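J.: Input: one structure, supplied below.
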Amino acid sequence: MRNTGDSNRHDSTSRASHAFCTSFLATITSAAGLLAACGNSGSNGADAARTEGCGVRNPATGQVEHCAVTGTEVCVCGTGECATTDSSCESSYRFVEGVGRCVSTAEAATLIASQDEGDLCPGAGADADADADAGDDGDSETSALCGNGSVDPGEDCDGDGPGDCITSCGTGGTRNCVGCRWAPCTPPAETCNGEDDDCNTVCDDGFACCAGDFEECATPCGSAGLRECGDECAWGVCVLPAESCNRVDDDCDGVTDEVADAFACGDGCCNGTETYCSCPGDCTTVAPPPATPAPLWPWNGWLTGSYLVSSSLRPTFRWTASTSGGCGTTTYELQLDDSCPTDGFAACTFPSPAGMETGLTDTTWAPTSDLTVATAPPVGRRFFWHVRACDGAAGCSAWSTVRYVDVGRVHSDFNCDGRSDVAVSAIGYDGPDTTDIGAVYVYYGTATGVPTAFSVRCTDDPGQRSMGFGWSVAAGDFNADGCSDLAVGAPNFDQGSTDEGGIFLFYGDRLGLNESPTREFDNPRGTPGGHFGMSLAVAGDVNADGWSDLVVGSPSEPVGGNAGAGIIDVYFGADTLSIFPSARVSVTAPSPAAGAAFGQALAGGGDLLADGHSGFIVGAPNYPGATAEDGLAFLFRGTDLGVASVPWATLTCPAPCNGAHFGSAAALIGDMGYDSYPDFAIGAPTYDAGATDEGNVFVYSVGAGSPPTGPYLALDNPTNTPNAYFGSALAPTGWFGVPDTLGLIVGAPRQLGDGVAEGAVVLYAGTTSIALPVPLVYPAPDADADGGFGASVAGGLDLTGDGTADFVVGAPARDGSFAAVGKAFAYVTGVGPGPTVPAAPITLDSPAPYPSVQFGFALASTSY
């Protein structure tokens, strides 16, 4: 064994201390497991026992120096310093003397114990074996180890490193020696290896995915597949899953749940040809219900006819078809209820349905038995109805909007007994106190027709002279009590202004009409010469609130500086006539023209858009066209708020017009062809088509949601009589002769007959069109030149309650006992269209026996 110092200089005390040190160090080395012997095993055999000293060689002198405290010396390799025990150290129980710090666990491995004066702290290349040459020892040349926190002479610990280390996430990093201490372990750069190399908790950060990971993916058919992240950190293809019983086509082969050899409804799998419709227990993809159908017919407020006729109690209901919900054939359900309130009926929930039909396969239905109605005045009953579409397992749509129909009731029924009544005006009637105040005579219908003696005379006594009371008349149920009310126009009525005009309402009930008006309205603008009330029409339910509405014309009203341009007012019905109207709106032509007489003719227009709102027709016979006074007609539609301010359609006179006065008369025929949309007629009494001013009538049809662009039929005066004024008056017939046959009555007050211009009416009827091969011409019952037979007509009446159409014709200039006393003729036969003229009418003579009464000047007719 090689010695590098003089052992003889140690005294016995030192040797004794060395022995103690050796024993102590052996003890603590065994206890702590932290101390390593200064030596290594090599080719020359095991290390020799170290027997002397405990210290380090001083590089300056080459002498071995001992630690200060005998028995506690432990050398810290590469420092030339000793360590002593110190129980206050938590990481190690060694304390470096002179440095004043605890030795870390990592540094504890550098502590050695030596018992001789050899290489007490061997470096990396040192040989501390006992049999090594002294020249092979390298304490003075050994690089210092990082971590002892001290730089000894000739040593540069900052030159050590970098060294390998384990990062906090377990990967292999590197560290540098800074200030003789190891810096924190630096993680390596991230690589694609399925690990979190850089310890940021993200595997293969910076790549598309973590190598070896799996995730769900959407297959081309929408099922849930699986894909793997490959070695290059990129997702692979989406692998189709195996088919399972989950009502999904997992493997994208176009077949759902083919997990069993046989497909059967009830096996829990939606497979084979099974669908929700055929097997809702297995298939959960719910088919949507059909679309909600829209009611078409009857229109709101339509009167089906007398309760005395069974067909009137079995009305036909029609609605739009609904597309299938996916489960096959669409069927329909319809509810009827007579308990809904009129006010707010649209929200009715049908608390006590009077009828419920299910499984209907067509879009039309009629009861097979009579609906129950009242048979004592007021007869009939209002029924509300709605419809929905159903489709098997797909279920049913929402219920449609609510509509209503008046079953068992007829038009112009003032005493509400189920038979129409006749209202005839006489504008020259003299009252007890005032002459020419005017009157309206009412004749109540009976089983045989009408009596020749009037039932009640309605007037505004004492009234005003020549106020034109009776210039226009209209009948409608404005308060929805089942009894018709009478509206009378007096266009020359003075109420603050001369000839401003006014209207008078007479309330109908089971006792009939009162002689005096219930309500009175003057021109809302108070315009002198406005002639408010020159025309009247009941338009039906314009705002769809459950009450009929009244349209009033003021054709002489100035508009925007245009004298005589004309204006109309719509009065909306109400629960009682004491609060009538619930509201009023005014409407003018879109481009008012001077003298156009907008509003001179009025008529209901039917449900134009199948939305439950009635429209109406306004004629402006003097509106200029290619020539003066060609005329126009306007079609207005109703809305929830009243009336659309812009016409839905503007109808021009078909050329050549030449002052035809198109729009002098208008009439709603009804639903020709039963497509649920209205047909109507416009008169042009001075139209030239073969003779001067012979007159023509043009018939229009409304399509589904589209206004007419022109007439589908032109009715020429069948005799081409010059100056006949064919088309001066128009009225619908209602059902004429047989059910499903509708017609039109046309007045020609100067048509030749018996060699004189006595007047005539012509009747047209049919099912899908009113164009008869040979129309029926009704001449004046007896020859009376210029009697004006046909100057007024009233149709859509059932005077006897037998279910067939009756009509009335006025001849206001007809001479009787006095000149121009006037007459009216009621045709009550029920005979259908044919080559012969029906039997003689019931003649109604003027009850006022003096000249110029003009009895028959106006008649209350159906106008919607």
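Offset between the sequence shown (1-based) and the working numbering: plus 5.
Even glycine gets a Cβ: it sits at the ideal position worked out from N, Cα and C.
Remember, predicted model here, so these are calculated numbers, not experimental data.
What is the DSSP secondary structure of residue 317, counted as helix, strand or coil?
T.: On the sequence shown, residue 317 is found 312 positions in, with the first residue counted as 1. Reduced to three states, the DSSP call for residue 317 is helix.
J.: Short of 7 Å in beta carbon distance, which residues of its chain neighbour residue 856, apart from the five on each side in sequence? Order them along the chain.
T.: Against the sequence shown, residue 856 aligns to sequence position 851. Cβ neighbours of residue 856 beyond the five flanking positions: 823, 824, 825 and 826.
J.: Whole angstroms is fine: what's the gap from residue 483's alpha carbon to residue 492's?
T.: Residue mapping note: residue 483 aligns to position 478 of the sequence shown, counting from 1. Residue mapping note: residue 492 aligns to position 487 of the sequence shown, counting from 1. Their Cα atoms are separated by approximately 10 Å.
J.: Looking at the unbroken beta strand (DSSP E) that takes in residue 434, where does it start and where does it end?
T.: Start at 1 with the first residue of the sequence shown, and residue 434 comes out as number 429. No beta strand (DSSP E) contains residue 434, which DSSP labels as neither H nor E.
J.: Please list, in chain order, all residues of the same chain as residue 254 whose beta carbon is under 6 Å from its beta carbon, the five residues on each side excluded.
T.: Start at 1 with the first residue of the sequence shown, and residue 254 comes out as number 249. Counting only Cβ-Cβ distances below 6 Å, and skipping sequence neighbours, we find 226 and 261.
J.: Do you know offhand how far residue 490's Cα is from residue 860's?
T.: The residue labelled residue 490 in the question sits at position 485 within the sequence shown. The residue labelled residue 860 in the question sits at position 855 within the sequence shown. Each residue's alpha carbon lies about 21 Å from the other.
J.: Kindly give me the distance between the Cβ atoms of residue 447 and residue 414, rounded to whole angstroms, as I take these residues to be in contact under 8 Å.
T.: Here residue 447 refers to the residue found at position 442 when the sequence shown is read from its first residue. Here residue 414 refers to the residue found at position 409 when the sequence shown is read from its first residue. Their Cβ separation, rounded to whole angstroms, is 18 Å, which puts residue 447 and residue 414 out of contact at 8 Å.
J.: Count the other CB atoms, across all protein chains shown, that sit within 10 Å of the CB of residue 735; report buried if there are 16 or more and exposed otherwise.
T.: What you label residue 735 is simply residue 730 of the sequence shown in a count that begins at 1. With 16 or more Cβ atoms within 10 Å of its Cβ, residue 735 is classed as buried.
J.: In terms of residues, what are the limits of the beta strand (DSSP E) holding residue 230?
T.: Within the sequence shown, the letter at position 225 stands for residue 230. Its beta strand (DSSP E) spans residues 229 to 233.
J.: Pull up the distance between the alpha-carbon of residue 797 and that of residue 817, whole angstroms please.
T.: The sequence position of residue 797 within the sequence shown is 792, counting from 1. The sequence position of residue 817 within the sequence shown is 812, counting from 1. Roughly 8 Å separates the two Cα atoms.
J.: Pick helix, strand or coil for residue 677, following the three-state DSSP scheme.
T.: The residue you call residue 677 lines up with position 672 of the sequence shown. Helix at residue 677.
J.: Give the secondary structure of residue 944 by DSSP, where H, G and I count as helix, E and B as strand, and everything else as coil.
T.: Outside the shown range of the chain, which is 6 to 869, sits residue 944, and nothing can be said about it.
J.: Under a Cβ-count criterion, where at least 16 other Cβ atoms within 10 Å of its own Cβ denotes burial, should residue 207 be classed as buried or exposed?
T.: As a position in the sequence shown, residue 207 is number 202, starting the count at 1. By the neighbour-count rule (16 or more Cβ atoms within 10 Å), residue 207 is not buried but exposed.
J.: What's the C-alpha gap between residue 551 and residue 279?
T.: Numbered from its first residue, the sequence shown carries residue 551 at position 546. Numbered from its first residue, the sequence shown carries residue 279 at position 274. Near 48 Å, if we compare the C-alpha coordinates of residue 279 and residue 551.
J.: Looking only at its chain, what residues have a beta carbon closer than 6 Å to the beta carbon of residue 590, apart from the 5 residues adjacent to it on each side?
T.: Start at 1 with the first residue of the sequence shown, and residue 590 comes out as number 585. Excluding sequence neighbours, residue 590 sits near 575, 647 and 648.
J.: Taking one C-beta from the segment 421 to 439 and one from the segment 846 to 856 each time, how about it: are there three or more such pairs within less than 8 Å?
T.: Yes: the two stretches touch, three or more of their Cβ pairs being nearer than 8 Å.
J.: Assign residue 205 to one of two classes, buried (16 or more other C-beta atoms within 10 Å of its C-beta) or exposed (fewer than that).
T.: Along the sequence shown, one-based indexing puts residue 205 at 200. Label assigned to residue 205: exposed.
J.: How far does the beta strand (DSSP E) with residue 361 in it reach, from first residue to last?
T.: Here residue 361 refers to the residue found at position 356 when the sequence shown is read from its first residue. Here the beta strand (DSSP E) through residue 361 covers 360 to 365.
J.: Given that a residue counts as buried once 16 or more other Cβ atoms are within 10 Å of its Cβ, and exposed if not, what is residue 61?
T.: Reading the sequence shown from its first residue, position 56 is the one you call residue 61. Only weak support exists for where residue 61 lies, its pLDDT of 46 falling under 50; the value from the coordinates is given anyway. Buried: at least 16 other Cβ atoms inside 10 Å.
J.: For residue 541, which option in 560, 381 and 530 has the closest C-alpha, if you only look at C-alpha atoms?
T.: As a working note, residue 541 is residue 536 in the sequence shown. The option with the nearest alpha carbon to residue 541 is 560.
J.: Given this structure, state the Cα-to-Cα distance separating residue 570 from residue 595, to the nearest angstrom.
T.: If you number the sequence shown from 1, residue 570 lands on position 565. If you number the sequence shown from 1, residue 595 lands on position 590. The straight-line gap from Cα to Cα measures roughly 11 Å.
J.: What first and last residue would you give for the beta strand (DSSP E) that runs through residue 340?
T.: Against the sequence shown, residue 340 aligns to sequence position 335. It spans 336 to 342 - the beta strand (DSSP E) in which residue 340 sits, taken as one unbroken run.
J.: Please report the residue range of the beta strand (DSSP E) in which residue 641 lies.
T.: Locating residue 641 in the sequence shown gives position 636, counting from the first residue. Here the beta strand (DSSP E) through residue 641 covers 637 to 641.
J.: Using three-state DSSP, classify residue 582 as helix, strand or coil.
T.: For the purposes of this step, residue 582 is identified with residue 577 of the sequence shown, where counting begins at 1. In this structure, residue 582 counts as helix in the three-state DSSP scheme.
J.: With a cut-off of 8 Å, do at least 3 Cβ pairs link the segment 526 to 545 to the segment 436 to 450?
T.: Segments in contact, no.
J.: Evaluate residue 584 with the Cβ neighbour count: other Cβ atoms within 10 Å of its Cβ, from every protein chain shown; 16 or more gives buried, anything less gives exposed.
T.: Position 579 of the sequence shown holds residue 584. Classification of residue 584: exposed, given that the 10 Å Cβ count is below 16.
J.: For the putative contact between residue 174 and residue 209, defined by C-beta atoms under 8 Å, what is the C-beta separation to the nearest angstrom?
T.: Residue numbering aside, residue 174 sits at position 169 when the sequence shown is read from its first letter. Residue numbering aside, residue 209 sits at position 204 when the sequence shown is read from its first letter. That belief does not hold up - the Cβ atoms of residue 174 and residue 209 are roughly 13 Å apart, past 8 Å.
J.: Please go through the segment 418 to 481 and give each complete alpha helix (DSSP H) segment of 4 or more residues, from N-terminal end onward.
T.: Runs of the alpha helix (DSSP H) inside the segment 418 to 481: none found.
J.: Return the Cβ separation of residue 712 and residue 669 in integer angstroms, given the expectation that the two are a contact with Cβ distance under 8 Å.
T.: Stepping through the sequence shown from its first residue, residue 712 is reached at position 707. Stepping through the sequence shown from its first residue, residue 669 is reached at position 664. With 8 Å as the limit, residue 712 and residue 669 do not qualify as a contact, their Cβ atoms being about 21 Å apart.
J.: Whole angstroms is fine: what's the gap from residue 438's alpha carbon to residue 865's?
T.: Residue 438 sits at position 433 when you count from the first residue of the sequence shown. Residue 865 sits at position 860 when you count from the first residue of the sequence shown. Those two C-alpha atoms are separated by around 26 Å.
J.: Go through its chain and collect everything with a Cβ distance to residue 894's Cβ below 7 Å, but skip five positions before and after it.
T.: Past the edges of the chain, shown from 6 to 869, lies residue 894, and the structure says nothing about it.
J.: By Cβ distance below 7 Å, which residues in the same chain neighbour residue 565 in space, the five residues on each side in sequence not counted?
T.: On the sequence shown, residue 565 is found 560 positions in, with the first residue counted as 1. Excluding positions up to five away in sequence, the list reads 597.
J.: Counting only runs of 3+ residues fully inside the segment 612 to 662, write out the beta strand (DSSP E) ranges in chain order.
T.: DSSP runs (the beta strand (DSSP E)) wholly in the segment 612 to 662: 619 to 625, 637 to 641 and 654 to 657.
J.: Can you tell me which of the three DSSP states residue 399 falls into?
T.: Along the sequence shown, one-based indexing puts residue 399 at 394. If DSSP states are grouped into helix, strand and coil, residue 399 belongs with the helices.
J.: Going by DSSP, which residues form a beta bridge with residue 182?
T.: For the purposes of this step, residue 182 is taken as the residue at position 177 of the sequence shown. Per DSSP, 187.
J.: Between which residues of its own chain and residue 373 is the CB-CB distance below 8 Å, once the five residues before and five after are set aside?
T.: To locate residue 373, count along the sequence shown from 1; it is residue 368. The residues are 319.
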